[in-house]
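Below is one structure, written out as structure tokens, with a few remarks after it.
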Amino acid sequence: MEQNIQQHPNSWWKRTRNWFQKAIAFFTPNNRTLKASGIGIFLVSLLFFAFNTIDGFLSAVGFGYYLLTLFCYVIASYLIAVIISFAIGLAAKTPRYFRQSIAFVIFFILFFDRLSWPYNWIVIGFVIIFPGLIFGAVSYWRQHKESQHTRKRQLPAIMVFGLGLVGLGFGLFLFLYPGRRVESIKNYKLLAKLPPTIKAANPAQRGKWQVSFLSYGSGNDKHRTIYGKDATIKSPTVDASFLLKSWTGISGKLRTWYFGFNETALPLNAMVWYPNNLQGPAPLVLIVHGNHLAQDWSESGYDYLGELLASKGYIVASVDENFLNGSFTDMPRGGLEKENGTRGWLMLKHLELWKKWNEDPSNPFYRRVDMNNIALVGHSRGGEAMSHAALFNSLPNFPDNANEKFDFNFSIKAYVAIAPVDGQYKPASILAPLQDINYLVIQGTHDMDMQSYGGLSTYKRIQYNPSYQGFKAGLYVHHANHGQFNTSWGKYDASRPFINQFNMTNVMEAKDQEQIAKVYISAFLDVHLRGMTAYTPLFMDYRSGRDWLPEQIYFNQYESSKSIFLARYEEDLNLTTATIPGVNINATNLSVWREAQHKLMWGDHLSRVAYIGWNLEDDKKLIGKYTFNFNDSIHLATEDKALVFNLTTSDESSLHLTKGKKSKREKRQEKDASTKEKKQKQNIEEMPPIDFTIELVDRSGNRLHFLLSNCFPLQPQIQKKLTKYAFLNANEDAEAIPDFFYFDLSRLKKNSASFDLNNLQSISFIFDQSPSGVIALDDIGFIPSF
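Numbering (my numbering), first residue to last: 793 to 1578.
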């Protein structure tokens, strides 16, 4: 009896352990099942990769090249998978098919697709887990379908199969789901008092000339007759080897094999739209595309601009630089690098051709080109090429090798950059310094390629001499993407699977995006190549051309070469000094007052700005004030001037920080206030636009008051919501993009006849309208009024 009692605990433990071992064995798949899972993972992943590459390659390079490219990618991934599998197999006992398939998926997605965290591992998880469950369950069921415990054995297989099927279906849904439409936000600029519209023709309206078309090229293009036997004008090749150093290695040899030339003999090819029967020379416009699959030719995508501008009397050439783009012949991560300088240099070599043709009686463009009125337009990497073309055009030598002489000096009156890159190529290892050029940059909020407004960095680097007459401008457009400025690139800014993480439902219609480009680019060229200054207000405030533009939210940036700046915040670290000697700054009752670099999402430095914050919630009598004081030596003639500045909101806290030890109650109150403020900023509809009072005082003590909203209220930062789900967004969801504010002082003075605009004593920003806020202020000054 006593012995049985002592043995009882041991027997109970053995029974429990045996039960767990049987349960584990019951649910543990055998090698045959895992092998089937591995085969399933491999087959589904192969279909997945074929599906994702078909849109990028098949239509552009043909079925044979597509299969060859896919085969090379698969073989490379599988060889790496075999190596990884072998290493894992030393420490694991899973079948090699299972190991190889998992390693294949992980390597292919991480190396070839180069998706960002966490999207990459989500895709990997779906491709591995659910096909593995489906094929493993089928194999398990087949192995035990003849068993005496068939129903008992089949039940877990059916459950696992169902789970895998549901998971795979859910994954496909999430992958192919285009996203949901985000509720539109208020356009506070249209709710304000509107400026008068421009009294001129719609710049996007077709002109009176019939349009003709031709092409010029090397005459021996391997892939397109338009630059081969069908080219109207045969053009020479140029040697870019001094500048283009990355056409090397296996990728370089394959690129040479495909195109039939290397960096020593780059062709000068272009499509040309021109006005038929035009009397007299016409302004010349060259357009260049950016990076895209080289075999999916890009230059024809600006036909809508070519047709419009040619009908208005411009000669337009869309330049072929596809041979500098990423190619299916590139080895992984083996494409050209730092080639944007070459893109810009090639534009100048095209201009040399046009200059020669304009002087050649045998050429169809003999004396038909106005070489004193030239414009260059670039998109994406072609947008950065504008910087390098402008720089090289003004230099006597190549900055990285003085032995290469430059003698361009063309009369380029306008540069346009559409969604440009900045700094991919750095001459002499610095960002291209720019001076005395007319520059327009356009960027969309829903650009899924250039997700940051990098063109503003270029914009800020442009400096003007006092004698130069011109301006630079920027346009930030809500819902515009990267590709729809080019009709052949389209709505999707990248190939699958990268593009499938983005919400595609909020991208504007292609026709609307083309309309914006036509209005702004055409007007910019009309101003600078034809002297039609009536369009200038469009670049200060889009609302002056609102009848021509789709209804969207736009941010304008503008700087006249005739600007007189009170403060640019670049001179020193003293917060009380301004740009003009004799002007000092003071402030009272501010919760934030500092000067710092204004950085964009990708770290691009724009310039130093003043961050100014206030909060009236604790004490409404402590009204914040930021003032520029002029000493007796300062005499600015502002009678016919407009007060201007750039302004944007900042998402930092406006709470007053107190020094010293705090009680638990004070800490809790600060935390609650901070939490409330963050929630308000996350819900843009709960955030009214910032407004404040601007006060001018003359030396007689007369005061002139007006509100910021007399121009328009400060539009809150745009929350882009680019991805389908917030956790997929690898970048900040909003950028602090500056907007341009202008106040015609002569008009504002009409109700204050005694005020002396030529004898100012101070200018103050008084934060008495909005209870709290933080702004970034820059480039305060005066320009001639319109």
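Think of the CB as a built atom: it goes at the ideal place given N, C-alpha and C, for glycine as much as any other residue. None of the values given here were measured: they were computed from a predicted structure.
Distance CB(residue i)-CB(residue j) smaller than 8 Å
i	j	result
Y1268	Y1346	yes
S1119	N844	no
G1246	V1213	yes
T1430	P1530	no
K1417	T1380	yes
I1486	F1498	yes
L1398	L1540	no
M1332	F1532	yes
S1353	Y1256	yes
S1010	I1018	no
A1402	L1321	no
F922	G959	yes
H1180	G1215	no
G971	N1378	no
S1090	N1114	yes
Pairwise C-alpha distance: residue j and residue i
i	j	result
K1513	M1242	15 Å
Q795	G924	For Q795, the pLDDT reaches just 46, beneath the cut-off of 50, and the residue's location in the model is therefore unreliable, although a value from the coordinates is still provided. For Q795 and G924, the distance between alpha carbons rounds to 51 Å.
G1020	N1012	5 Å
F1535	K1037	50 Å
Q1580	G1262	The displayed coordinates of the chain run from 793 to 1578. Any statement about residue 1580 would go beyond what the structure contains.
D905	A852	19 Å
A883	I920	Per-residue confidence for A883 stands at a pLDDT of 48, beneath the threshold of 50, marking its modelled position as unreliable; the derived number appears in the next sentence. Answer to the nearest angstrom: the Cα atoms are 21 Å apart.
R891	V952	20 Å
F878	H1238	44 Å
K981	P1342	14 Å
T861	M1123	10 Å
P1563	D1432	34 Å
I1164	D1443	Here residue 1164 is Asn; the residue named in the question, Ile, does not match the sequence. Cα to Cα, N1164 sits roughly 46 Å from D1443.
D1560	S1446	14 Å
I1558	M1300	38 Å
Y858	S1043	17 Å
I1404	K991	38 Å
M793	S803	The predicted model places M793 with a pLDDT of 43, which falls under 50 and marks its position as unreliable; any figure quoted below should be read in that light. Answer to the nearest angstrom: the Cα atoms are 15 Å apart.
L1078	E1524	35 Å
N1061	E1176	20 Å
F1422	A1167	41 Å
V930	I880	26 Å
P1028	K1264	35 Å
I867	F896	10 Å
With 16 other Cβ atoms within 10 Å as the buried cut-off, status of residue i
i	result
K827	buried
F962	exposed
A1388	exposed
I797	Any answer about I797 is weak, because its pLDDT of 43 lies below 50 and its placement is not dependable; what the coordinates show is given next. When all chains shown are included, I797 counts as exposed.
W1281	buried
P995	buried
A1032	buried
T1297	exposed
E1196	exposed
W1049	exposed
S1110	buried
C1503	buried
I1222	exposed
N1189	exposed
D1571	buried
S1579	Since the displayed the chain opens at 793 and closes at 1578, residue 1579 lies outside it and no answer follows.
D1285	buried
Q1349	buried
Cβ distance (whole Å) where residue i is taken to contact residue j below 8 Å
i	j	result
V1161	P1258	Rounded, the Cβ-Cβ distance is 32 Å, inconsistent with contact.
V1233	V1169	The pair is not a contact, with the Cβ atoms about 11 Å apart (cut-off 8 Å).
Y969	K1516	7 Å
L1569	F1357	Contact doesn't hold; Cβ gap of about 12 Å is too wide.
I1131	L1116	For the sequence presented, residue 1131 should be read as Glu rather than Ile. Contact holds; Cβ gap of about 5 Å.
Y1106	P1075	5 Å
T1121	L1046	4 Å
Cβ of residue i within 8 Å of any chain B Cβ
i	result
A1359	Considering every chain present, this structure includes no chain B. It has just one protein chain.
Quiz item: Just checking, does the region 990-1009 make contact with the region 1062-1081 on the three C-beta pairs under 8 Å criterion?
Solution: Contact between the region 990-1009 and the region 1062-1081 is present: 3 or more CB-CB pairs across the two stretches fall below 8 Å.
Per the contact definition of three or more C-beta pairs closer than 8 Å, is the region 1261-1275 in contact with the region 1546-1563? No, the region 1546-1563 is not in contact with the region 1261-1275.
Three or more C-beta pairs closer than 8 Å, one from the region 1146-1160 and one from the region 1080-1088: is that the case here?
With a cut-off of 8 Å, the region 1080-1088 and the region 1146-1160 do not count as touching, because too few Cβ pairs lie within range.
Original post:
Quick one: any contact between the region 1310-1330 and the region 1095-1112, if contact means 3 or more CB pairs under 8 Å?
Top reply: Remark: three or more beta-carbon pairs, one from each stretch, lie closer than 8 Å, so the region 1310-1330 and the region 1095-1112 are flagged as touching.
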